[in-house]
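Per our numbering, the very first residue in the sequence shown carries number 33; after that it's consecutive. Cβ atoms here follow ideal geometry from the backbone N, Cα and C, with glycine treated the same way. This structure is a prediction, so every number in the text was calculated from the model and none was measured. Step one of this worksheet: look at the structure below.
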Amino acid sequence: MAFVVTSVERARDLANTPALIAGARQSIVKESRMMTPFYGDSLSGIAEFDACAGDVYSMAGLAPDDIDVACLYDHFSPWVLPQLEAFGFCDRGEAKDFIKDGHIARGGKLP
33 MAFVVTSVER ARDLANTPAL IAGARQSIVK ESRMMTPFYG DSLSGIAEFD
83 ACAGDVYSMA GLAPDDIDVA CLYDHFSPWV LPQLEAFGFC DRGEAKDFIK
133 DGHIARGGKL P
């Protein structure tokens with residue numbers, strides 16, 4: 033997957049229908065130590081995912097069901113699972129099945 037980021041004005045002249053960036057957010061919480069909250073309540077996720085998810089959906093006026101493509105930050109592949117859960121693409125504890133069922137594959141619900 034590749035992205036070309038440009039202005040709305042220039043995007044109007046492109047051959048393909050543009051996808052607009054409706055919201056963006058970065059987060060850090062006090063429990064974080066070097067990218068992973070080793071001293072937080074849980075090692076099964078990163079609190080920043082939860083902090084970002086609600087805000088970015090609110091900012092964009094969208095919900096998980098409105099998203100048809102996601103590019104999640106996979107600095108370590110296991111972190112894709114809690115991101116899928118935090119951003120509401122599947123319920124907590126169900127990311128492994130969401131992936132196993134092909135939902136993030138090409139042609140899946142969320143490629």
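Going by beta-carbon coordinates alone, are residue i and residue j separated by less than 8 Å?
i    : j    : result
M91  : R57  : yes
P114 : I78  : yes
A127 : F81  : no
G125 : G134 : no
Taking all protein chains shown into account, do 16 or more other C-beta atoms lie within 10 angstroms of the C-beta of residue i, making it buried, or fewer, making it exposed?
i    : result
F121 : buried
A95  : exposed
C103 : exposed
Y105 : exposed
A47  : exposed
L52  : exposed
F108 : exposed
A85  : buried
Among the options, which has the Cα closest to the Cα of residue i?
i   : options                : result
A34 : G134, A54, V101        : V101
T87 : G55, D97, Y105, D106   : Note that residue 87 corresponds to Asp in the displayed sequence, not to Thr. Out of G55, D97, Y105, D106, G55 has the C-alpha closest to the C-alpha of D87.
I60 : G93, K132, A83, R44    : A83
D98 : I131, L142, F130, I136 : L142
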